[in-house]
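Residues 121 to 248 (our numbering) are what the sequence shown spells out, left to right. We put the beta carbon where it would ideally sit given N, CA and C, even for glycine. Presented below is the structure to which this report refers.
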Amino acid sequence: GCLFGINLSNYNGQEIEYNFTVTDKAGNKDESKPTKVKVDTTPPIINSINYSIKRSVEFKINITELNFDEATYIDNSEGRQKWKTLCTKLKDGICEKSVSLKEGSHDLTIKVTDLAGNSAQRKVLVIV
């Protein structure tokens, strides 16, 4: 395998085109087809997390991210911790979701991820 890293931060928000050329010791070459990708090197911004407690906990999360993938949460207070989906789409930059939580204190971590794998996290303590 061949591993390498390239700093693309100067191209953030732009579309680039790349291709690879591989040459063996005998001088034989092969070239990949050009591929276009949009560069995204910045994490999402969680502007605010608001919630209200009714029959369930109703989250309203304001997010700035052009290439939004998903918002998830994990309850660090649970024995079996598992990431659960809040939203996979934003409506005007807002993720709204109702979550059922048992009575008591819940130490939540909310994570927002973009399509390039960048993420931002915020902790929230919810008492039901």
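If you check the CB distance, Thr-205 and Glu-190 come in under 8 Å. Of the residues assessed, Thr-141 falls on the exposed side of the cut-off, its CB having fewer than 16 other CB atoms within 10 angstroms. Approximately 21 Å separates the beta-carbon atoms of Asn-139 and Ser-129; this is outside 8 Å, ruling out the contact. Annotation for Ile-183: Pro-164, Ile-165, Ile-166, Asn-167, Ala-191, Leu-210, Gly-213, Ile-214, Cys-215, Val-232 place their beta carbon closer than 8 Å to its own, counting only its chain and skipping 5 residues before and after. Leaving aside the five residues that flank Trp-203 on each side, the residues in its chain whose CB is nearer than 8 Å to its CB run, in chain order, Thr-192, Tyr-193, Ile-194, Lys-231. According to the DSSP assignment, Leu-206 belongs to the beta strand (DSSP E) that extends over 204 to 207. At least 8 Å separates the beta-carbon of Val-248 from that of Lys-217. By the Cβ neighbour-count rule, Asp-150 is exposed, with fewer than 16 other Cβ atoms within 10 Å of its own. In the DSSP assignment, Val-142 falls within the beta strand (DSSP E) that extends over 141 to 143. Look at Ser-239 here: in three-state DSSP terms it is strand.
Contact annotation: Ser-225 and Ser-176 have beta-carbon atoms that are not nearer than 8 Å. When Asp-144, Pro-154, Thr-143 are compared, the shortest CA-CA separation from Glu-135 is found for Pro-154. DSSP places Phe-124 in no beta strand (DSSP E); its state is neither H nor E.
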